[in-house]
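Position one of the first sequence corresponds to residue 139 (our numbering), numbered consecutively onward.
One structure is given below, encoded as structure tokens.
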Amino acid sequence: MPELPEVETIVRELRPLVVGRTIRDVWFDWPNQIKHPAPADFAARARDREIMAVERRGKWVIMSLGPQDAPYGEPAPAVLAIQVKMTGQLDVIPLGMPRDGHVHAVLALDDGNELRMRDTRKFGRLAVYSPSEAERVLGALGPEPLAEAFTVAEFRHLLRRRKARLKPLLMDQAFLAGVGNIYADEALWRARLHPLRSANGLRADQESALYRALRDVLSEAIEHRGSSVDDYRAPGGIGQMQHRLNVYGRTGKPCPRCGRPTRRMVIGARSSHFCSWCQRLPARERTPQAQALLARAE
DNA sequence: CATTACCTGCAA
DNA sequence: TTGCAGGTAATG
């Protein structure tokens, strides 16, 4: 399930394969995956544009497209934005290679290759935006946790304005861009914080620990090309970070730090994994709702 | 703020 | 055959 490190890996591996190429044709067979503009207009908006750059913003793959050079094309640049969500895979391979039934979008490039998205569950989305539309959509995202400009002081400030539980808050893309279920659980484990803790109830040293934990785990995951737990695969193959996860998907297994069992509980309709000992919830934060959730933990 | 729809594959 | 997995948009 691609989060920041997985999308970063996809972007790095895609970049040398598509930058400088021009999109010559567009095909798709599942219009629901076209987020913008209307599916009927999508191909015309994307066609005959050069891919100038490939970047990541949160969990989005962002391709800057040059102006259309076709006779009646738009003289303005555009942005191709792709969300791979749960099961999307991007590949650049020779045009016309056999497709299985899960390839639902293909961009033909001018070098005889195609950029294809394979997506079993069809949650992935493709959009072509004008630069100002892209700015609006991406502007709704929170800060990039690995950006140099993202300091512990800023993180502290953001945490103190929110009373929400840490787990759903870390996954809120408007709060912080790019963190999903895996790395939220892993960062909380590293920082020894219970997922139900309130953001504005942390001590200063705990705020710093969480900042460091987030940056460390995301950087380490990028070094290992992401976690291939289900369908995630970058253009260069699967990642290796799944072997280095300490709590995610390890329900019942011993905590690598203290040996006590890893527990799993449902918070905001998503599973959370945490150490029953290292990440205790202070008595002060054991509200009736928290107690009820904890009672249902495995 | 919490829940549901979107989807399919696969485990129970 | 049911239900769960989960990122995000949409809805209550």
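Backbone N, C-alpha and C fix where the C-beta goes; we use that ideal spot for every residue, glycine too.
- Between E345 and L419, the C-beta gap is not smaller than 7 Å, which leaves the two residues out of contact.
- Listed in chain order, the alpha helix (DSSP H) runs fully inside the region 240 to 280 are 269 to 277, counting runs of at least 4 residues.
- Counting along the chain, the unbroken alpha helix (DSSP H) around K305 starts and ends at L304 to M309.
- Cα atoms of L245 and D257: separation of roughly 15 Å, rounded to the nearest angstrom.
- Counting of Cβ neighbours within 10 angstroms places E361 among the exposed residues, the total staying below 16.
- It is roughly 25 Å from the alpha-carbon of A287 to the alpha-carbon of R303.
- Taking C-beta atoms as the reference points, W168 and H240 fail to come closer than 7 Å.
- Shown here for R434: same chain residues with a beta carbon closer than 8 Å to its own, the five before and five after excluded, namely M403 and V404 in chain order.
- In the DSSP assignment, R350 forms no beta bridge with any residue.
- In this structure, the CA atom of A347 is about 8 Å from the CA atom of R328.
- Here T147 carries a helix assignment [DSSP, helix/strand/coil].
- As for any beta strand (DSSP E) of minimum length 3 sitting wholly inside the region 405 to 433, the runs are 408 to 413, ordered along the chain.
- Short of 8 Å from the beta carbon of T400, and not among the five residues preceding or following it, lie these beta carbons of its own chain, in chain order: V385, R388, T389, G390, K391, P392, C393, H411, F412, C413 and S414.
- If you draw a straight line from the Cα of I220 to the Cα of I200, it is about 7 Å long.
- Counting C-beta pairs with one atom in each stretch, the region 256 to 274 and the region 309 to 325 have fewer than three that are closer than 8 Å, which means they do not touch.
- Judged by DSSP secondary structure, R162 falls within the beta strand (DSSP E) whose first and last residues are T160 to F166.
- Under the three-state reduction of DSSP output, L296 falls in the helix class.
- In the three-state scheme derived from DSSP, where H, G and I count as helix and E and B as strand, G339 is classed as helix.
- If you ignore the 5 residues before and after G406, its C-beta comes within less than 6 Å of the C-beta of P306, all in its own chain and listed in chain order.
- At a Cβ-Cβ threshold of 7 Å, I148 and L228 count as neighbours.
- Comparing alpha carbon positions, the residue from A291, R299, R259 and F313 closest to G280 is F313.
- Taking the CA atoms as reference points, F180 sits about 38 Å from E324.
- For secondary structure counted as the alpha helix (DSSP H) over 4 or more consecutive residues, the region 167 to 244 holds these complete runs in sequence order: 177 to 184.
- In this structure, the beta-carbon distance from L264 to R159 does not fall below 7 Å.
- When the alpha-carbon of W165 is set against those of T425, R237, R259 and A191, the nearest one is in R237.
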